[in-house]
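Line by line, the protein sequences are chains W and V.
If you want my numbering, it's the 1-based position in the first sequence plus 118.
If you want my numbering, it's the 1-based position in the second sequence plus 873.
Note that CB positions come from ideal geometry on N, CA and C, so glycine has one too.
Keep in mind that this is a model prediction, so the values were computed, not measured.
Each remark here refers to the structure printed beneath this line.
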Amino acid sequence: MSTETAGHAAEAERLLDAVEHDFPDNPAGMRPFYELYRRIYCEGQPRRGSGPLIGVTCVQVPEELIRALGATPLRLCGGSYSQAQKGAEQLPARTCSLIASTVGMLADKGPPLGGRDLALMVSPTTCQSKSKAMQLAEGMGYPVHVLEVPQSNESEVAREYFHASVWRLVARLEKATGRRLGVRQLDEAIRKVNSARAQFRRLKELRAGLGPVLLGKDALLVSQAYLLEDLDEWTAAVSRLNDELEQRRPTALEQRWGHAPRILLAGSPPVFPNLKVPLLIERLGGLIVADEVCTSDRLLNDAVAYAEPHLEDMVPALADRSLRPNTCPFYARNTERIRRLLEQAQKMKVDGVIYQTFSGCQIYELEQRAVERALTEKEIPMLALETDYSPDDLGQLTTRIETFLDIATHRPRS
Amino acid sequence: MSRWRTWLNRGDVSRFRTWFQLAAFALLVYGGSAAVDLSNNLPTFACPFAGDERGGTCFLFPLQHMLNVKLARSAVGALIGLSMSLLTFVVWFAVLNKAWCGWLCPLGTVQDWITRLRQRLGVRGSEYSEATFRRLSAIKYFFLLLVVIPPLGVANSLFGLPRLPHDAGATWCQLCPARTLLPLFTGRTSELAIDFSTTTMVVLSSLGLLMLGVFLVGSFVKRRFFCLLCPMSALQHLFGRLALLRLSKDGARCTRCGNCARACDIGIPEIATDLETTNMTTSNCMLCLKCVAVCPETDCLQATFVGFPVYRATAAGFFARMGESGLVAPKAGLGNASQVGNGEKHS
C-alpha cells in the first residue's frame, strides 16, 4: 500500500470514527451507510452495481440513461485531502481542492474508484476547472465524453441545445455499453430513480419538523451514498432509516440540539471524507436541517414524469429535469438558485445559512454576495466561509462558526 | 376529512376523467333520447346536427342565428335576445370554466380516443415548437371571427360590400368538424356528403369535409390538435375572469422541471415557465388537470373552486402515482411501445 492510499484511508477512518463516536443517538438505520463508506473508502473496494462503470462529474448528467443501459454511475468528485495534494502537482496553484482531489483520485484509481476502469467519463461543461481536469483525465487515458451544457438555462434555445446534447450522450453511452436504449429499460430506471427520490423527499419532510430527527452529518452521508450504492439497496436502506426516524424519540439529540439554531448548508459540496465544515457546525451545537449542495439536494430533489412511452418523450423529459430545475451557480443568471434557496430556508424554518466556498471555486465565490443580499432581505443571517481540504484552518473556522451560531440562536424567530 | 383529501390528492385524475368523459359524451350525444335537454346555450360542442338524441345544444349554433339580423331595424330586440342567451352561456361556462373542454366536449373526447388508438398502435405523437404553438394558437380568434362576421354579413351590408348569400348564415357550423363527425354517432352519414344545392353550400360543405380530414389526421398526430384552434375556446376565454373553477399556480414552489408542460395535451409552455401568474387557466387550457397530477411540488399547482382547493399537487401524491411507472397517461401503451428499442446488445 502506497503512502497516498494509506493517507486517504486514514482520513476516511478518522472522519467515520468522528461521525460515529463523537455524537450520541446514531440511529440503527445509519449503520449500513457507515459500513458502505468503510468498505469503499477505508478498504478501497469498488462500489456495487452491475455492468460497466460510468463516471459523472456533475449533476447535469441524467443518471437514468446510464442505469437503463445496464451500467452504473459513479460520482467522480474527490473529497480527500491527500488525493488533493497529489492532484495539485498537476494543476495551477489556486485550483479548488475538489478538482485537485478528483485528479489525484483518477491518477491512482483510488477510492471511490477502487481500482476499477471506467467505460466512460461524462463531463458536463459546467465549471472551467472541471472541464480542464477532464482534459487531464483524457491524457491519463480515460475515455471522456463532454456533455455540452448551455451557460444559461432559461430560453427555449438553451433547452433545444441541451436536448440535442443529451441525445448525443445517449449515442455515446450506447457505444460505451454496447447496448441499445430501450423504452422498457428506461421506464424501469425512471421508476426506480423516482422511488429513490421519494425516500429522499420523505427524509427531507422528517427533517423539516421541529426538533432534531437526524443530524446533518448523517443526512449528508445518506444522500451522498446515492451514487455509491446499488440503487435498490440505497432506496431500501433509506426507507428503513425513515421508518425508524418516524418511530424513535432521540432523547440525547433533543437534549443537545433541541433548541439548536437550524442551519442550511450552501455552497461548494461537502464530498466525503471532507465533512469538515458540517461536522464542525454540529459539534459546536448547530443543527443542519437542509442544504442546497450537489451531493444532496441539487442531485436528488427533482423527479421526472413523461407523457408517452417513447424515447422521444422520455429522453427530453430527463434532459428537462437536468436543465431548468438545476440551480448550479455556473448559469449566467441565477435568480432561480436564490429563489429556491429562500423557499427552502422558509420551509425548513432555518435560522441561518452557512455558505462554504473552496478557495479557487470561482462560481460559488461569485454568487455569494447575491445570495447574502437576498437572505439579509428576509432577515436570515449568513456566514460565508472560504476553506479547502487542509486541516490548517480549523481554529479559525471554529471561532467564526461559534460566533455565527450565537447570532443565529438569538435572532428573533417568527 | 383530511384522510379523504389525502386519498383524493393521491388519486389518478386521468383515469377518473376518462370515465367522466364517457358519461358526458353519452349525455350530450344521446341524452335527448332520455328526455335530457340541458340548454340551447352550452359552452361546448353538443352538435344540433347530431339530431334530437343530443342532450343540449352548442351555443355557437343559436349565436350565429341571432347575429343574422338587420342591425339598422332590430338592433335592440336582437340585443336583448342575444344577451339572454349569452347570459345562460356565461353561467354554464362560469361554473366549470375550461373543464367544459377537457371533461365534457364530445369533440375533445373523440380526440382523446384517437390519441388512445395511436398509443395502442405504438405510434409516436408529435409536439409543436414553442414558436409554432404561438402561431397556431392565434387561429382560434380568426375562427371566432368566422362565427360572428358571416351571419352579420348575411343580414347587413358590411363595409359597403354586398350582402352574403343566405347559406353563409351558419358558416362556422358548415366548417366545424363536429357537424360531420358527431352525427355519425347517431347513425347519420348525410353530413359527409357535399351539398350541391347552391354554390355557397358546395364550397362550405367541401371545406367542412376538408376540416374533418384535417381534424382526424391532426388529432392522430398531435394530442388535442383541434383545441388549439377552437373558436369556442376563444369565446370562453373572453369570460375567463368570471370562472369559478380555476387552475392556479404558486410560482414560488415551482422548480420549472417541465413535467407539467410535457404532460399537457395541448402543449402549453407557460405552465412550466411562468412563475408570476397565479391563474394559469390560459386561453388554451382545458383543465384536464394532468399538469397537477405530474407536479412533484406540494401545492405548486392546484385546481380551486371559488378559491377552495379541489385537487392539489402533492409530493406524496406524485410519488404514489409514479410508483408503478414514470408514465403518466394511459398505461396501456407501454407494452407495445417497448418494441421500439428492445435493449438488446448490438450484434
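A direct Cα-to-Cα measurement between V:Q1047 and V:L1077 gives close to 6 Å.
In this structure, V:G1124 lies near V:T1151, with their beta-carbon atoms less than 9 Å apart. At the C-beta level, V:R1119 and V:A1176 come within 9 Å of one another. As computed with DSSP, V:K1122 is found in a beta bridge with V:L1174. Judged by pairs of C-beta atoms under 8 Å, the region 146-158 of chain W touches the region 333-346 of chain W, as three or more such pairs exist. For V:F1032, there is no enclosing beta strand (DSSP E), as DSSP gives it neither H nor E.
Listed in chain order, the alpha helix (DSSP H) runs fully inside the region 265-310 of chain W are 274-295, counting runs of at least 4 residues. Sequence-ordered contacts of the region 1163-1189 of chain V with chain W read V1167, P1169 and A1188 [C-beta pairs closer than 7 Å]. Under the three-state reduction of DSSP, W:S508 is assigned to coil, being neither helix nor strand.
From the beta-carbon of V:E1064, no residue of chain W is found nearer than 9 Å; the closest lies around 32 Å away. The beta-carbon of W:H428 is placed less than 9 Å from the nearest beta-carbon of chain V.
Taking a contact as a CB-CB distance under 8 Å, the pair W:Y473 and W:A502 counts as one, their CB atoms being some 5 Å apart.
Pairwise C-beta distances place the region 245-260 of chain W in contact with the region 215-226 of chain W, as three or more of them are shorter than 8 Å. Secondary structure in the region 881-946 of chain V: the alpha helix (DSSP H) runs of 4 residues or longer, each lying completely within the stretch, are 886-903 and 933-940 in chain order. Between W:G232 and W:V221, the CB-CB gap reaches or exceeds 9 Å. The beta-carbon of W:E495 is placed no less than 9 Å from the nearest beta-carbon of chain V. For W:P379 and W:A463, the gap between their C-alpha atoms comes out near 12 Å. When secondary structure is reduced to three states using DSSP, V:T982 falls in the helix class.
In terms of Cβ geometry, W:L460 and W:A492 form a close pair [threshold 9 Å]. DSSP places W:G329 outside both helix and strand once states are collapsed to three, so it counts as coil. The beta carbon of W:I481 lies closer than 6 Å to those of C245, P447 and F448 in the same chain, with the five residues before and after it left out.
Between W:R286 and chain V, the shortest Cβ-Cβ separation is not below 9 Å. Contact check for V:C1161 against V:I1144 fails: the beta carbons are separated by 9 Å or more. The DSSP-derived three-state label of W:L418 is helix. V:L915 and V:I1067 have their C-alpha atoms some 28 Å from each other. The alpha carbon of V:L980 has as its nearest neighbour, out of V:L900, V:F1016, V:C1158 and V:L1055, the alpha carbon of V:L1055. Identification of chain W residues near V:T879 by a Cβ-Cβ cut-off of 8 Å yields none; the smallest Cβ-Cβ distance measures about 14 Å. By the rule that beta-carbons nearer than 9 Å mark a contact, V:L990 does not touch chain W.
When DSSP reads this structure, W:I472 sits in a beta bridge with W:L383 and W:L501. Excluding its 5 nearest sequence neighbours in each direction, V:C931 has C-beta neighbours in its own chain below 8 Å: L915, T917, F918, A919, C920, P921, A1051 and M1105, listed in chain order. Counting along the chain, the unbroken beta strand (DSSP E) around W:S241 starts and ends at L238 to P242.
When the five nearest sequence neighbours on each side are left out, the beta carbons in the same chain lying within less than 6 Å of the beta carbon of W:A307 are those of E182, R185 and A186, in order along the chain. With a contact defined as Cβ atoms closer than 8 Å, W:P164 and W:R234 qualify at about 5 Å. Shown here, W:I172 sits in a strand according to DSSP, grouped into three states.
Between W:N360 and W:Q303 a beta carbon distance of about 28 Å is seen, past the 8 Å cut, so the two are scored as non-contacting.
Identification of residues in the region 458-487 of chain W having a C-beta nearer than 8 Å to some C-beta of chain V yields R458 and E461, given in sequence order.
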